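**Q** Following this message is one structure expressed as structure tokens.
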Amino acid sequence: MDSESVKTRFLTAIGHDMRQPLHALLLYLSALERRVHDAEARDVLSKADRAAQSLAGMIEGLIQLARLDAGKIDPELERVSLQSLFDDLLARVPHASAEATPLYVHSDPVLLETIMQQLISNAATHGGGKAHVSAIEKNGAVQIEVRDDGPGIAPEDQERIFAEFVRADGSSGNGLGVGLTIAKGLAELMKHTIEVRSAPGKGATFVVRAERA
Amino acid sequence: METRPLILLLEDHCGSAEAMQIVLRDWGADVVHGADADDVASTAGANTSRATIIITDFHLTDTDGVSAAKQLRKRAPRAQVLVLSGSLNNDAKRAAKSAGYTFMHKPAPPRDLIAWLERNNALVD
């Protein structure tokens with residue numbers, strides 16, 4: 001077995017086995033928070049909760065990356081309503097807004113939702129906190145855009161940010177720097193493209209281009 | 214006297230089941246827990262029909278959570294369904310969506326869980 005296969009099997013195994021106790025841990029922390037009224041203790045609990053959620057996000061990213069590397073994701077393309085997708089996303093993601101759209105695309109609804117979640121999460125973490133989602137038709141294709149008002153991305157970093165374990169700001173903060181790698185990998189599996197338009201100080205717009213349906 | 218909402222919980226992982234019951238009871242619900250639909254229906258008895266929420270793991274020992282929820286909804290037709298899964302593939306999400314149920318990955322942030330409960334309990338009321 002080559003080292004890539006070993007890595008994939010290892011990440012998949014630990015990812016799966018870690019999810020159940022991590023799920024329980026987050027619930028126990030939440031239950032404990034309700035029972036603790038001392039301000040200092042609540043602050044400690046809040047930090048523990050954020051650390052556990054950060055760990056959960058990292059494990060999720062590693063699992064997705066391992067599955068992409070192993071070629072274990074098979075897209076099932078169908079006609080997807082972007083309005084339904086936006087509605088689902090807004091119901092679950094508090095820091096996003098969306099424009100109404102009548103457009104449909106040929107895509108896998110589950111994978112497209114994962115891409116959008118990664119882009120919105122990226123906007124929340126590195127793009128100033130808020131993401132705005134919209135869709136337009138251009139040259140026969142549909143462009144789904146996720147815009148943020150953050151610090152923007154320097155031209156020399158705009159290709160690099162899609163590589164594994166890379167953050168444009170070089171920070172060692174939350175996350176592993178795999179979200180955009182996953183979004184790009186999933187987009188390519190469905191013959192979509194993904195790119196970023198940005199300038200320092202002017203926010204960033206991530207564009208997913210898909211065939212209109 | 215105000216009646217607390219009844220939640221039917223299907224979960225065969227002990228830690229997740231115990232932690233989930235604490236959070237759901239804190240939220241203000243009565244909870245009946247079991248490892249499958251028969252187990253839950255047997256414990257809830259005649260109360261099964263007043264359940265307004267079903268929360269199920271997707272990978273149960275002898276069945277899947279979507280099939281189990283469909284079975285329970287025959288006796289609790291008002292119940293909204295949430296499917297949770299730590300599955301590595303997208304089968305659980307696809308099955309939940311095609312049944313019209315809500316899906317969340319494990320680990321699910323408790324605040325997302327509570328927000329979903331608030332929305333769906335209001336729907337039933």
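Going line by line, the protein sequences match chains A and B.
Numbering of the first sequence is given in this note's numbering, commencing with residue 1 and proceeding in unit increments.
Numbering of the second sequence is given in this note's numbering, commencing with residue 214 and proceeding in unit increments.
Don't be surprised by glycine CBs; every beta carbon is placed ideally from N, CA and C.
These numbers come from a predicted model, not from an experiment.
What is the DSSP secondary structure of alanine 213/A, counted as helix, strand or coil?
**A** In the first sequence, residue 213/A corresponds to position 213, counting from 1. Looking at alanine 213/A - three-state DSSP - the assignment turns out to be coil, as it is neither helix nor strand.
**Q** Am I right that alanine 135/A and valine 142/A are in contact with their C-beta atoms under 8 Å? What's the rounded C-beta distance?
**A** For the purposes of this step, residue 135/A is taken as the residue at position 135 of the first sequence. For the purposes of this step, residue 142/A is taken as the residue at position 142 of the first sequence. Right, the Cβ-Cβ distance comes to about 6 Å (below 8 Å), so this counts as a contact.
**Q** Measuring only the C-alpha atoms, how far is glutamate 137/A from alanine 210/A?
**A** In the first sequence, the residue the question calls residue 137/A occupies position 137. In the first sequence, the residue the question calls residue 210/A occupies position 210. One C-alpha to the other measures close to 10 Å.
**Q** Can you find a C-beta in chain A that's less than 8 Å from the C-beta of aspartate 225/B?
**A** Taking the first residue of the second sequence as 1, we reach residue 225/B at position 12. Aspartate 225/B does not count as touching chain A.
**Q** Do you know offhand how far lysine 79/A's Cα is from lysine 310/B's?
**A** Reading the first sequence from its first residue, position 79 is the one you call residue 79/A. Reading the second sequence from its first residue, position 97 is the one you call residue 310/B. Per the sequence shown, the amino acid found at residue 79/A is arginine instead of lysine. One alpha carbon belongs to arginine 79/A, the other to lysine 310/B, and they sit about 15 Å apart.
**Q** Does the beta-carbon of arginine 19/A have 16 or more other beta-carbons within 10 angstroms, so that it is buried, or is it exposed?
**A** The residue given as residue 19/A occupies position 19 in the first sequence. Buried, by the Cβ-count rule.
**Q** So, is the C-beta of leucine 82/A closer than 8 Å to a C-beta in chain B?
**A** Residue 82/A sits at position 82 when you count from the first residue of the first sequence. Not one chain B Cβ lies under 8 Å of leucine 82/A.
**Q** Count the other CB atoms, across all protein chains shown, that sit within 10 Å of the CB of alanine 31/A; report buried if there are 16 or more and exposed otherwise.
**A** The residue labelled residue 31/A in the question sits at position 31 within the first sequence. The residue in question, alanine 31/A, is buried, as its Cβ has 16 or more Cβ neighbours within 10 Å.
**Q** Just to confirm the assignment, what range does the beta strand (DSSP E) spanning leucine 77/A have?
**A** Position 77 of the first sequence, counted from the first residue, corresponds to residue 77/A. Unbroken run through leucine 77/A: none, as it is neither H nor E.
**Q** What does the alpha-carbon distance come out to for the pair tyrosine 314/B and leucine 297/B?
**A** Counting from one through the second sequence, the residue named residue 314/B turns up at place 101. Counting from one through the second sequence, the residue named residue 297/B turns up at place 84. Approximately 10 Å between the Cα atoms of the pair.
**Q** Do proline 322/B and glutamine 223/A count as a contact pair if the criterion is CB distance below 8 Å?
**A** An answer regarding residue 223/A cannot be provided, because it is not within the stretch 1 to 213 covered by chain A.
**Q** So which residues of chain A does glycine 299/B contact, with C-beta pairs closer than 8 Å?
**A** Reading the second sequence from its first residue, position 86 is the one you call residue 299/B. Correct list: His16, Arg19, Gln20, His23.
**Q** Return the CA-CA distance between leucine 45/A and alanine 39/A, expressed in angstroms with no decimal places.
**A** The sequence position of residue 45/A within the first sequence is 45, counting from 1. The sequence position of residue 39/A within the first sequence is 39, counting from 1. Between leucine 45/A and alanine 39/A, the C-alpha separation is close to 10 Å.
**Q** Do isoleucine 268/B and isoleucine 220/B have their beta-carbon atoms positioned less than 8 Å apart in this structure?
**A** In the second sequence, the residue the question calls residue 220/B occupies position 7. In the second sequence, the residue the question calls residue 268/B occupies position 55. Yes.
**Q** If you measure from the beta carbon of aspartate 249/B to each beta carbon in chain A, is any gap under 8 Å?
**A** Walking along the second sequence from the start, residue 249/B turns up at place 36. Chain A contact via Cβ: absent.
**Q** With a Cβ-Cβ cutoff of 8 Å, do methionine 233/B and leucine 223/B count as a contact?
**A** In the second sequence, counting from the first residue as 1, residue 233/B sits at position 20. In the second sequence, counting from the first residue as 1, residue 223/B sits at position 10. Cβ atoms of methionine 233/B and leucine 223/B: not closer than 8 Å.
**Q** Please report the straight-line C-alpha distance between alanine 41/A and leucine 189/A, rounded to a whole angstrom.
**A** Here residue 41/A is taken as the residue at index 41 of the first sequence, counted from 1. Here residue 189/A is taken as the residue at index 189 of the first sequence, counted from 1. Roughly 47 Å between the two C-alpha positions.
**Q** By DSSP's criteria, arginine 224/A is part of a beta bridge. Which residues make up the other side?
**A** The question about residue 224/A has no answer here: the residues shown for chain A are numbered 1 through 213.
**Q** Quick one: list the residues of chain B neighbouring tyrosine 28/A, beta-carbon separation under 8 Å, in chain order.
**A** For the purposes of this step, residue 28/A is identified with residue 28 of the first sequence, where counting begins at 1. In chain order: Ala232, Ile235.
**Q** Does the separation of the CB atoms of leucine 89/A and methionine 116/A fall below 8 Å?
**A** Within the first sequence, numbered from 1, the residue matching residue 89/A stands at position 89. Within the first sequence, numbered from 1, the residue matching residue 116/A stands at position 116. Against a cut-off of 8 Å, the Cβ pair of methionine 116/A and leucine 89/A comes out as a contact.
**Q** Look at isoleucine 266/B and alanine 308/B and say whether their C-beta atoms are less than 8 Å apart.
**A** By 1-based counting over the second sequence, the position of residue 266/B is 53. By 1-based counting over the second sequence, the position of residue 308/B is 95. One thing to note: isoleucine 266/B has its Cβ no nearer than 8 Å to the Cβ of alanine 308/B.
**Q** Quick one: is glycine 197/B buried, meaning 16 or more other Cβ sit within 10 Å of its Cβ, or exposed?
**A** Here chain B covers residues 214 to 338 and nothing more, so residue 197/B does not appear.
**Q** Looking at the C-beta of alanine 56/A, does it have a partner C-beta in chain B at a distance below 8 Å?
**A** By 1-based counting over the first sequence, the position of residue 56/A is 56. Taking Cβ atoms only, chain B reaches closer than 8 Å to alanine 56/A, which makes this a yes.
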